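In our numbering, the protein residues as written are 1 to 418. We treat Cβ as the ideally placed atom computed from N, Cα and C, and that holds for glycine. For clarity, every value in this text was computed on a predicted model and none was experimentally measured. Data block below; observations after.
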Amino acid sequence: MSRTVRAITATVAALLLATACNSAATGNSPDSKGSSVRGVTDDAIKVGGIVSMTTASGYSKKDTDLGARARFARANAEGGINGRKIDYLGAEDDGQDPAKNLAAARKLVQQDKVFAISPMSSVTFSGADFLQKQKVPTFGWGTIPSFCGPTYIYGFGGCMVPMPGGTISQTWPEGLKQVTHGAKGKTVAILANDNDAGTFAIRTYKQSFASAGYKVTFAKSSVPATSVPSDWSAYTKEILRSDGGKAPDIVVSVMQTPYNIGLFTAVKRSGYRGVLTDPTDYDPGLLAKSATKEALDGVHILLTFEPFETHSAAMKQFKADIKKASGGKDVPLNMHMMTGYMSADLFLSIAQKAGRNLTVASFQKAANGFSDTGTMVGDRALPKGQKESFGCGALVQLKNGAYRVSSPFKCYEPIPFK
Numbered sequence: 001m002s003r004t005v006r007a008i009t010a011t012v013a014a015l016l017l018a019t020a021c022n023s024a025a026t027g028n029s030p031d032s033k034g035s036s037v038r039g040v041t042d043d044a045i046k047v048g049g050i051v052s053m054t055t056a057s058g059y060s061k062k063d064t065d066l067g068a069r070a071r072f073a074r075a076n077a078e079g080g081i082n083g084r085k086i087d088y089l090g091a092e093d094d095g096q097d098p099a100k101n102l103a104a105a106r107k108l109v110q111q112d113k114v115f116a117i118s119p120m121s122s123v124t125f126s127g128a129d130f131l132q133k134q135k136v137p138t139f140g141w142g143t144i145p146s147f148c149g150p151t152y153i154y155g156f157g158g159c160m161v162p163m164p165g166g167t168i169s170q171t172w173p174e175g176l177k178q179v180t181h182g183a184k185g186k187t188v189a190i191l192a193n194d195n196d197a198g199t200f201a202i203r204t205y206k207q208s209f210a211s212a213g214y215k216v217t218f219a220k221s222s223v224p225a226t227s228v229p230s231d232w233s234a235y236t237k238e239i240l241r242s243d244g245g246k247a248p249d250i251v252v253s254v255m256q257t258p259y260n261i262g263l264f265t266a267v268k269r270s271g272y273r274g275v276l277t278d279p280t281d282y283d284p285g286l287l288a289k290s291a292t293k294e295a296l297d298g299v300h301i302l303l304t305f306e307p308f309e310t311h312s313a314a315m316k317q318f319k320a321d322i323k324k325a326s327g328g329k330d331v332p333l334n335m336h337m338m339t340g341y342m343s344a345d346l347f348l349s350i351a352q353k354a355g356r357n358l359t360v361a362s363f364q365k366a367a368n369g370f371s372d373t374g375t376m377v378g379d380r381a382l383p384k385g386q387k388e389s390f391g392c393g394a395l396v397q398l399k400n401g402a403y404r405v406s407s408p409f410k411c412y413e414p415i416p417f418k
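Laid out in structure tokens, this is it:
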């Protein structure tokens with residue numbers, strides 16, 4: 001072999017080696033159709049989810065997966081996103097376990113090679129740092145701090161947890177003004193669990209209600225978070241005397257359903273006739289048990305999305321999509337379905353804006369400055385939504401075994417978080 005041929009051969013080998021090294025360094029391996037972007041082919045975008053399908057307590061968010069399937073199915077039926085169909089792998093079950101949440105994130109990215117994770121719905125999000133470092137666009141309900149700040153993680157209603165330098169949504173107290181006919185002269189008692197989340201909730205809502213013009217006479221995170229009290233008398237006694245020896249106009253519970261049932265039942269038995277409210281108990285499944293239905297009767301529940309009882313075009317489309325994804329059955333609607341649906345919807349909207357040349361970089365560019373109006377969570381805007389909520393919501397009241405809108409869906413100006 002001549003010196004010239006050997007030189008050419010060596011040069012080609014070096015170029016091939018460099019190309020291979022560069023490909024490995026990106027973390028994206030080319031697929032059979034020529035794309036070098038993880039989870040993206042000429043005709044598909046691969047997406048997976050992480051949802052607490054099962055938990056030790058029996059609580060399940062499994063319908064989050066159904067909501068996502070419904071929205072992705074409609075997108076595919078309409079031709080996909082810029083010529084690509086959504087290849088939705090379904091949701092991994094993290095069992096509400098931090099170790100499983102991280103394991104699910106690793107599996108979806110490293111083994112299944114998804115472009116994005118939507119939805120992510122769990123009270124534990126230990127996989128957040130991994131997904132951020134791997135630059136995986138991730139979508140869910142921004143009710144935990146992991147959705148507030150990271151550049152690749154998005155809450156479909158914005159950041160719902162007030163952060164330093166951020167804002168507090170005024171949806172709850174402003175919406176209640178519809179119920180109490182204004183805030184002037186009205187008093188509020190707020191109760192939460194004795195844990196970090198409860199302490200933070202008290203700090204937040206004490207400021208929120210006071211800013212709206214209510215007088216906060218009681219605000220404590222004193223209920224054990226490990227088990228529901230069998231005797232609520234100590235709490236009700238303190239609450240119902242908090243307004244200078246008399247009961248407040250509003251009792252606010254920032255707790256989960258089992259706690260709300262105990263608290264509200266005890267308060268009602270005392271003869272209380274004021275307003276009861278919480279952010280949890282909007283679930284038709286709760287109406288199946290007469291005792292639960294009775295305990296929560298009259299309670300006003302905060303929503304951060306349009307109530308199912310509204311008749312907007314978007315809500316009609318949501319219901320039709322869920323029915324189709326359920327095999328044509330009329331299934332009871334719940335907030336988990338909305339979580340999956342709107343997580344998918346935000347991902348699809350940004351991906352559409354990113355155009356045909358879909359990469360993580362083009363997706364992030366499309367997200368930076370993205371906005372739209374009139375969705376079921378209000379007017380969306382990014383990157384604003386990674387620092388504060390979109391500030392929209394409604395109240396529904398459970399009355400005589402059915403939910404009715406007690407304060408219409410509306411967006412309110414947030415206040416600075418102090």
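For residue i, does the count of other Cβ atoms within 10 angstroms reach 16, so buried, or fall short, so exposed?
{"i": "R356", "result": "exposed"}
{"i": "K46", "result": "buried"}
{"i": "R404", "result": "exposed"}
{"i": "A70", "result": "buried"}
{"i": "P284", "result": "exposed"}
{"i": "T143", "result": "buried"}
{"i": "H181", "result": "exposed"}
{"i": "G157", "result": "buried"}
{"i": "N400", "result": "exposed"}
{"i": "T167", "result": "buried"}
{"i": "N368", "result": "exposed"}
{"i": "P248", "result": "buried"}
{"i": "G378", "result": "buried"}
{"i": "G374", "result": "exposed"}
{"i": "Q111", "result": "exposed"}
{"i": "P414", "result": "buried"}
{"i": "Y59", "result": "exposed"}
{"i": "F139", "result": "buried"}
Please list the terminal residues of the continuous alpha helix (DSSP H) segment that includes residue i.
{"i": "F318", "result": "A313 to A325"}
{"i": "G340", "result": "M335 to A354"}
{"i": "T64", "result": "D63 to A77"}
{"i": "D196", "result": "D196 to S211"}
{"i": "V267", "result": "T257 to R269"}
{"i": "R106", "result": "P98 to R106"}
{"i": "S227", "result": "Here S227 belongs to no alpha helix (DSSP H), and DSSP marks it neither H nor E."}
{"i": "A234", "result": "S233 to I239"}
Could you pull the start and end residues of the beta strand (DSSP E) that residue i belongs to?
{"i": "D278", "result": "V275 to D278"}
{"i": "K365", "result": "Here K365 belongs to no beta strand (DSSP E); instead the alpha helix (DSSP H) covers V360 to A367."}
{"i": "N193", "result": "T187 to N193"}
{"i": "V460", "result": "The structure shown does not extend to residue 460, since the chain is modelled only from 1 to 418, so the question has no answer here."}
{"i": "A219", "result": "K215 to V223"}
Could you tell me whether any Cβ in chain C is nearer than 8 Å to the Cβ of residue i?
{"i": "D87", "result": "Here there is only one protein chain, and chain C is not present."}
For residue i, which of the options has the nearest alpha-carbon?
{"i": "K165", "options": "A77, G327, T171 and K384", "result": "One point to set straight first is that residue 165 is Gly, not Lys, in the sequence displayed. Nearest C-alpha to G165: K384."}
{"i": "G185", "options": "Y214, D243 and I202", "result": "Y214"}
{"i": "S122", "options": "P173, V114 and A105", "result": "A105"}
{"i": "K418", "options": "R38, A210, Q132 and S57", "result": "A210"}
{"i": "Q317", "options": "A75, G58 and D63", "result": "A75"}
{"i": "D87", "options": "Q111, L346, F72 and E78", "result": "F72"}
{"i": "A91", "options": "A351, G340 and M315", "result": "G340"}
{"i": "Y259", "options": "S230, L348 and A103", "result": "S230"}
{"i": "Y272", "options": "Y282, N400, S290 and K246", "result": "K246"}
{"i": "C159", "options": "Y152, I168 and C148", "result": "C148"}
{"i": "K427", "options": "N195, K220 and D194", "result": "Given that the chain is displayed from residue 1 to residue 418, the structure contains no residue 427 and the question cannot be resolved."}
{"i": "Y152", "options": "I239, S146, T64 and V136", "result": "V136"}
{"i": "L89", "options": "M163, G49, L240 and D372", "result": "G49"}
{"i": "A56", "options": "S242, L131, E78 and Q96", "result": "Q96"}
{"i": "T54", "options": "K100, A225, L286 and D42", "result": "K100"}
{"i": "I239", "options": "T217, W172 and T226", "result": "T217"}
Determine which residues share a DSSP beta bridge with residue i and list them.
{"i": "L286", "result": "Paired residues: none, contrary to the question."}
{"i": "K85", "result": "A44"}
{"i": "V396", "result": "I301 and V405"}
{"i": "G140", "result": "M120 and G155"}
{"i": "S371", "result": "A381"}
{"i": "C411", "result": "C392"}
{"i": "T171", "result": "T171 is not bridged to any residue."}
{"i": "D93", "result": "V51"}
{"i": "D129", "result": "Its beta-bridge partners do not exist; DSSP assigns none."}
{"i": "P145", "result": "DSSP output for P145 lists no bridge partner at all."}
* Would you be able to state if there are at least three C-beta pairs under 8 Å between the segment 302-316 and the segment 390-398? => Two segments are said to touch when three or more pairs of C-beta atoms, one from each, lie closer than 8 Å; by this definition the segment 390-398 touches the segment 302-316.
* Could you say if the segment 293-307 and the segment 263-276 meet the contact criterion of at least three C-beta pairs nearer than 8 Å? => yes
* Asked: With contact counted as at least three CB pairs below 8 Å, one residue from each stretch, are the segment 170-190 and the segment 247-257 in contact?
  -> The segment 170-190 is in contact with the segment 247-257.
* Is it true that the segment 404-415 meets the segment 316-334, where meeting means three or more beta-carbon pairs spaced less than 8 Å apart? -> The segment 404-415 vs the segment 316-334: no contact.
* To do: Evaluate the contact criterion for the segment 221-236 versus the segment 259-273: three or more CB pairs, one atom per stretch, below 8 Å.
  => yes
* Asked: Three or more beta-carbon pairs under 8 Å between the segment 343-356 and the segment 105-119, yes or no?
  -> yes
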